[in-house]
Amino acid sequence: MPRLLTRLLQGVAVMFIAATIAFLLIHSLPGDAFSDIAANPNVSPEAVARYRARFHSNDEPVALYWNWLQSVARGDLLHSTWGERPVSRVIADHLPATLQLMSLAFIASMAGGILLGAWQGAHAGAPAERIASKLSVGVISIPDFWLAIILLLIFALKLRWFPVGGMNDAPTGSSFTTVALNRLHHFVLPWLSLTLVDVAVISRFQRAAMREVVQQQFLITARAKGVGESDIRWRHALRVAVLPTITIAGMYFPALFVGAVLVETVFAWPGIGRVLTSAIEQRDYFLVSGVVLVGSAMTALGSLLADVMREWADPRVRT
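Okay, structure coming up:
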């Protein structure tokens with residue numbers, strides 16, 4: 338428990354450091370959210386000045402940062418220039434879509450990667466394993482956003498098996514089943530875009546760990562005692578070999594969040610990743626800082642979850 342509490346405090350520190358760096362970087366850029374409006378001859382300078390005063394664009398950097406920290410403590414994160422809504426409200430409206438995508442991608446990636454890697458490690462050198470290994474390396478070389486574009490072109494635009502983007506286009510008043518199936522139809526391509534590459538990455542870690550474990554002395558002894566090969570691989574070897582993969586699960590969350598940002602942009606998925614790209618384009622600095630803060634929090638929680646999973650899988654860590 339003290340170890341988990343320490344990791345939690347470290348996560349909080351990392352969260353605020355990342356958000357602070359993002360805040361300082363975006364406020365060091367020239368211009369603000371109202372630069373384009375100010376260039377419009379149909380908008381009076383007085384109107385632009387009122388907007389800049391309302392959103393603290395004229396404040397000194399130190400005062401602006403202090404104001405932002407106070408807003409973080411209050412939980413409102415100031416107001417977004419995007420629709421003039423509280424940043425916390427904008428994030429709350431779009432976060433569930435991102436959590437749905439990331440959580441199901443994480444579960445599928447871990448389960449698929451561990452099982453595929455364990456099978457590869459247990460059958461190292463077999464023709465099927467060599468083919469699977471080469472395919473995994475090939476998939477790893479494809480960035481998430483590029484895979485998303487490929488899937489979009491083939492299965493949405495060419496074959497028209499799936500919708501081009503969005504989350505739901507069921508008619509108003511549709512039944513629960515119709516809406517659920519419609520959302521699932523929209524969900525498949527973004528989910529595959531996040532999952533396929535990560536399954537390949539995790540399987541490589543699991544393959545290496547499994548190959549090392551199956552050669553250890555305690556499994557050789559088990560074979561000599563007549564324990565079946567299936568039990569050796571899937572009950573004894575996998576239980577030990579999965580521990581390094583669980584450890585890297587915490588480091589996997591930042592990459593998953595970045596991948597979600599890119600995939601949401603490609604498929605117009607209404608999550609905070611799409612909000613972040615729109616906020617950057619519109620130079621909505623408070624919204625960018627808020628999304629980075631939430632992304633850092635998700636990363637910290639992912640790291641903490643990996644520690645909990647490791648303690649559950651390996652009692653030696655608790656001592």
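Numbering (our numbering), first residue to last: 338 to 656. Where is the CB? At the ideal position from N, CA and C, for every residue including glycine. These figures come from a predicted structure and were not determined experimentally.
By Cβ distance below 6 Å, which residues in the same chain neighbour residue i in space, the five residues on each side in sequence not counted?
i	result
L432	I609
P464	none
H416	P423
A546	A578 and P581
G502	F604 and A605
V427	S417
G639	G587 and F590
T558	none
Comparing C-alpha positions only, which one of the options sits nearest to residue i?
i	options	result
L599	R611, V516, P591 and I557	R611
Q553	S626, S540, R570 and G563	R570
W528	Y589, T602, M439 and A537	M439
L472	W403, L642, A410 and D535	D535
E549	V525, A574, A561 and S567	A574
A507	L521, L494 and W498	L521
P367	I583, A586, I617 and Q407	I617
F360	G563, L624 and Q619	L624
G452	R572, Q347 and D430	Note that residue 452 is Leu in the sequence shown here, rather than Gly. Closest by alpha carbon: R572.
A358	Y589, L345 and L406	First, the residue type needs correcting, since residue 358 is Ile and not Ala in the sequence shown. If we check each option's Cα against that of I358, L406 comes out closest.
I363	V409, S512, G639 and Q619	Q619
A459	S408, L494, Q543 and G510	Q543
Among the residues of its own chain, which have a CB less than 8 Å from the CB of residue i, if the five just before and after it don't count?
i	result
L531	L438, M439, A442, S446, D481, L593, G596, A597 and V600
V474	A537 and R541
R505	Here the sequence assigns Asn to residue 505, which means Arg is not the residue at that position. Closer than 8 Å at the Cβ level, and outside the excluded window around N505, lie V516, N519, R520 and H523.
V351	S633, T636 and A637
S511	N519
E466	W456, Q457 and H460
For residue i, I'd like the list of residues in its chain whose CB is within less than 7 Å of its CB, leaving aside the five on either flank, ordered along the chain.
i	result
S365	none
A356	S626, V629, L630 and S633
V476	L533, V534 and A537
I583	A643, M646, R647 and A650
V603	F482, A485, I486 and L489
I539	S446, M447, G450, I451, G454 and T582
L613	V598, V625 and V628
F444	A small fix is needed here, since residue 444 is Ile in this sequence, not Phe. Around I444: no qualifying Cβ.
P607	H431, A434 and M504
Can you give the Cα-Cα distance for residue i and residue j, rounded to whole angstroms?
i	j	result
P382	A390	12 Å
P398	N404	10 Å
R422	R576	49 Å
P581	F499	37 Å
Y622	I354	16 Å
V525	Y402	41 Å
L556	W456	16 Å
W483	I491	12 Å
A586	V579	11 Å
Y589	S478	16 Å
L436	S425	16 Å
M430	T343	It is Asp, not Met, that sits at residue 430 in the sequence shown. In a straight line, the C-alpha of D430 is about 31 Å away from that of T343.
G462	L641	36 Å
A561	V551	14 Å
A434	E566	43 Å
S408	A469	51 Å
T509	V349	42 Å
K495	P378	44 Å
A386	A400	18 Å
To which residues does DSSP link residue i through a beta bridge?
i	result
A423	One detail in the question is off: residue 423 reads as Pro in this sequence, not Ala. P423 is bridged to H416.
At what residue ranges does the stretch 573–636 contain a whole run of the alpha helix (DSSP H), taking only runs of 4 or more?
575–604 and 609–618
Run through the stretch 488–559 for me and flag every whole beta strand (DSSP E) of 3 or more residues, listed as ranges in chain order.
none
Give, in chain order, every unbroken run of the beta strand (DSSP E) that is at least 3 residues long and sits entirely within the stretch 427–458.
none
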